Structure formats: structure tokens, C-alpha cells
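All residue numbers for the sequence shown refer to my numbering, where the first residue is 7 and numbers rise by one.
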Amino acid sequence: MITPRFSCSQTEDAVTVSMYCPSIRAADVEINVDDNLLTVHVNPYYLRLNFPNNLLEDDSSSAKYDAGSGHLRITLTKEQTGQHFEDLDLLAKLLAPRPTKTTPTIEVLSSVENTDGLSQKLNELSLNPSEFEEAAANDWQLPQEFPEGLPKFQTSLEKPYGFLCLHSGYLRHVGHTENEVNDLGPDAEKCSKDERSKRRIQREDDKWDPEHYMADFADDEYIQDLLKWNHPYIAAQDPYEYTESENLEILRLPRKEYLADARQTRELYLTLATLLFAFAYESRTNQLDPTPESAWTICTLTPAFSALDPPESLCIGDEFSKVEVMATLLPSYRRALAFPLYRSFELAERCRADAAQLLAKGRRFVMRCLLDMKRIVDHHEVYYVYSKIWLDDFCVWVQAHASDELLSKLAKSVLDTSISKESIGWHLEDLEAVTREVRGREADSDDE
């Protein structure tokens, strides 16, 4: 079945769904309304929408097909007149399946126990009085230790990765492709979480070049121009409406239901901050004009892509602590100072501020950034794999499940968190001091 292009609008009394389904027979259209669920089927098209509130299929409802334009227009009455249906422009949220609400049940098959046999076995294990006296005389003191927990049983050598660890097998042949952003090498499928973090840190230390950093610090004229650039997405006015091409991209996204617990959901928000940091760096350095290197830049600066190493949550709740956000963004800072063309701590700070402002604008603007990233990565012959294991799912999740309130809280925490140069671990302040001293000596020599 084909999911058609569609759009939704509303009045005080009704909701209207406009579908583009050319070359159909109007008599074959099947429309069904079940509370807030609308299903429309006409070969070869099928559309299922979950609205936030209930609808009615009454005498005021209608369905009209315009054969000239190919649009089917369905108007359904609201169950409560005047009720506002939110997020009708978030197509992925409307297309998401109904959340399953299942309660686990426990069935007691039998409560009868062989108490006589159990008592007999306990008596056999008990010590008689003479044995107690012997134990006291010899003062037996055996060492007592808690047994160590058994490792989690693994049925496969491959370790899952990606969005909610739902994916595996995408990097089996990574050794035969030009995947320059991969920090794990041919062992990408087998590395554990700790090994991924260890290899990522080692890769960053190996790529760190103090001379490159000092050169950019000494000659920062172009970097200063990049810092003055104003991001159009941040300056845009609310509300934002998706373009037709963006709606088409949303319709091509997978239809999935995500069962994430509180900790996993929190980690998704933190990972989103690292994605927007990489997007902010790429868009600021290229001023929203992608180059052939843009896919490499985005994937390299995102630890969840390059090392399959997303951030971990340090606590549970709706508030994001500064310690947690600092641990989340520290790998992004290190990668921004070790890999790309422009390596400036001031530039990394500006990217953090950009990411915070994009988060504060809500899920519609965040979704726009994700679609831009997906468009860049999808067109690369190798790095498209990171779109499959991360960006596709993130796009669906942001529209269907992300909360503007939590995005706002995360934005405030990202903006207020300070990443110190000392925490990077590469003696940045000493290198900057040496650069200033050398530059001062050269200036004196020129004056003489």
C-alpha cells in the first residue's frame, strides 16, 4: 500500500483531511472512523491517522473527490464543538500507530508445596548439638564474600547500536568501504559500550594536533567572521510551517512505535543535543550551504555516529543537570577541536549556544534541523547508514513523542552549562598563552 500525500486543517466544528490520490474510482473509497482513529483505503492508497481528540462520522461529514486535481477531501465533525486539535501539521505524529497499553498479568497455577519433603531436607542439613560444640571449640571462621553478578547472557557476538539500540548488521563490511568517520574499525559490530567509549577517546587523542589549534588561535580572522554569522533558523519567527518537500520527506519516514523507558527517553534528549551541536558547526562554517564535506563533518562531530557512543543519563527526572550536560557535550567539544578544518574553542562555544537556541524553539525547528542533516547524509554513498540507524528514527520520535517543555528545559541547561578548557584535557590555556607570547615577540620585532 502507498501512503498518499496529505494535509490537515480544522475549523470550530470539523477537521478536514486532503489526500492526493490521482486516478482512483470514488466509489471504491472506504472511510472508517473509530473515536480518534481515521482510516482511508482506496487501492493502491492507504492512510491511517491518529488524531488527538475524537471525531464523528455524522450527517455533517462529507467526502468529495476532485478528479481533475486528484485530491480527496474528507470532512469529519468534531465530537466536541470548538475543541482545538493540536499538532495537525506534525504528519509523523498523526501517522504514528496507537500506543499499546498492556498490563502484565501473573497467573498462579498452583500454590501446593511438598512441605514434608522440604522439612526432611532441612533436617538433613542441620547440625546436631555435638557438631555445634565442636565448631565452637575449633572457632571456625570461614571467609564470607558476596557472589559477583553474572554477566548478561549474550546469544550473538554482535552488539546492537543506534536509536534505542534497535539496529545491528549495518557495519559488518565497514572494513571494505571508505568510512573515514568510523572510530571502531572492522570491530564496530562487536564492541561493547565501554570499548566504544575507550576507542573514541583514543581516536580523539591521536587526532589532536596542538600546532593546528595554535595556528587557528593566532590567525583567527576568518573564524571571527564565522562567529558573527546569524543563524536564519534561530532568527526565524514562530510558528514554522513545513514546506511541501519537507512533508514528502516526512511521509517517507518509517512507521514505528517506540517503547522507551524514562532513562532511555532522557538519553534520547541528550543525544539530540549532540546532533544539534554537529549541525550548528556544519551550518555555521558553511552558512547553510552544504559542501561535499558536510556529511563527513556532521558524522565526525557526532559521537553517536562516529563511535556508536551516545551519552548516558546520570540521573532520572525532567530536569537536566549541568554535570550531565557537560558530560554529554564534552566529546563534541573534543571532536570539534581535533577533526574539522576550523579548530577553535570559541567556535565550539558558539555552536553550543546555537544548539541551545534551536532546542528552545521547539520540536518543529528541531525537526527542520534533523531533516537538513538527513538530506545531507542520505546523499552520501557511505554515510547514509547513519541516517538509517539514527536520523530516520529520531525524525519520527521528535514529531510523535518529544515534548516542547522538556526541549525547553534541556535548552536552558545547555545554555547555562560551562565547558572549561581544562576539562578538554589538552592544555588549551597553556597553548594559547604560548601563542600570545610568540605573537607579542613578533610584533615587537616588526616595530623595531
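Glycine is no exception: its CB is placed at the ideal position from the N, C-alpha and C atoms. Fair warning: this is a prediction, and the values are worked out from it, not measured in the lab.
Tell me where the beta strand (DSSP E) around residue i begins and ends.
i	result
I80	77-84
I395	Unbroken run through I395: none, as it is neither H nor E.
I229	Segment 227-234 is the alpha helix (DSSP H) holding I229; no beta strand (DSSP E) there.
D378	No beta strand (DSSP E) holds D378; the alpha helix (DSSP H) holding it covers 369-384.
E36	36-40
L43	43-48
Y71	68-72
Report the rounded CA-to-CA distance for residue i versus residue j, giving the unit in angstroms.
i	j	result
H179	L190	12 angstroms
A333	L320	9 angstroms
G74	Y26	11 angstroms
D222	A344	12 angstroms
C14	T308	35 angstroms
D398	L61	30 angstroms
D193	I37	51 angstroms
A20	T280	41 angstroms
I456	R356	Summary: the structure shown does not reach residue 456, with the chain confined to residues 7 through 454, and so no result is reported for it.
K284	I382	Sequence inspection shows Ala at residue 284; the Lys mentioned does not correspond to that position. Using only the alpha carbons, I get a separation of about 13 angstroms.
K262	E195	24 angstroms
D384	C305	12 angstroms
Y51	I229	51 angstroms
R272	S67	42 angstroms
G181	I430	30 angstroms
T45	N59	15 angstroms
Y287	L53	38 angstroms
E387	A439	43 angstroms
A266	L172	11 angstroms
L43	L100	9 angstroms
D41	A69	18 angstroms
Determine the DSSP secondary structure at residue i, reduced to helix, strand or coil.
i	result
F57	coil
S414	helix
Y176	coil
S117	A caution first: S117 carries a pLDDT of 49, below 50, which makes its placement in the model too unreliable to give a value.
S203	helix
A242	coil
K328	helix
I256	helix
R291	Arg is not the amino acid found at residue 291; the sequence shown has Thr there. Three-state result, T291: helix.
K196	coil
Q89	coil
Y26	strand
R11	strand
Y219	helix
V21	strand
Y389	coil
Y52	strand
L62	strand
Y167	strand
If you check the beta carbons only, do residue i and residue j fall under 8 angstroms apart?
i	j	result
P337	T277	no
L353	L437	no
T83	D64	yes
S29	H77	no
T9	L257	yes
A301	Y246	no
L377	R358	no
Y264	W403	yes
T303	Y348	no
S198	K165	yes
A362	A98	no
L163	I240	no
I322	F169	no
Y392	F311	yes
L259	C401	yes
T22	R79	yes
Along the chain, where does the alpha helix (DSSP H) that runs through residue i open and close?
i	result
R356	351-366
I322	That residue, I322, is in no alpha helix (DSSP H); it is neither H nor E in DSSP.
I425	First-last for I425: undefined, no H or E at that position.
C171	C171 -> no alpha helix (DSSP H), and no H or E assigned at all.
P346	Per DSSP, P346 belongs to no alpha helix (DSSP H) and is neither H nor E.
W302	300-307
L100	97-101
Within the 8 angstroms Cβ cut-off, does residue i reach chain D?
i	result
D226	No chain D is present in this structure, which holds just one protein chain.
Inter-stretch contact at 8 angstroms, needing at least 3 Cβ pairs: the segment 403-414 / the segment 349-368: At 8 angstroms Cβ cutoff, the stretches touch.
Stretch-stretch touch, CB-based, cutoff 8 angstroms, three pairs: the segment 296-304 with the segment 78-93: As far as the Cβ criterion goes, the segment 296-304 does not touch the segment 78-93, which means the pair count is below three.
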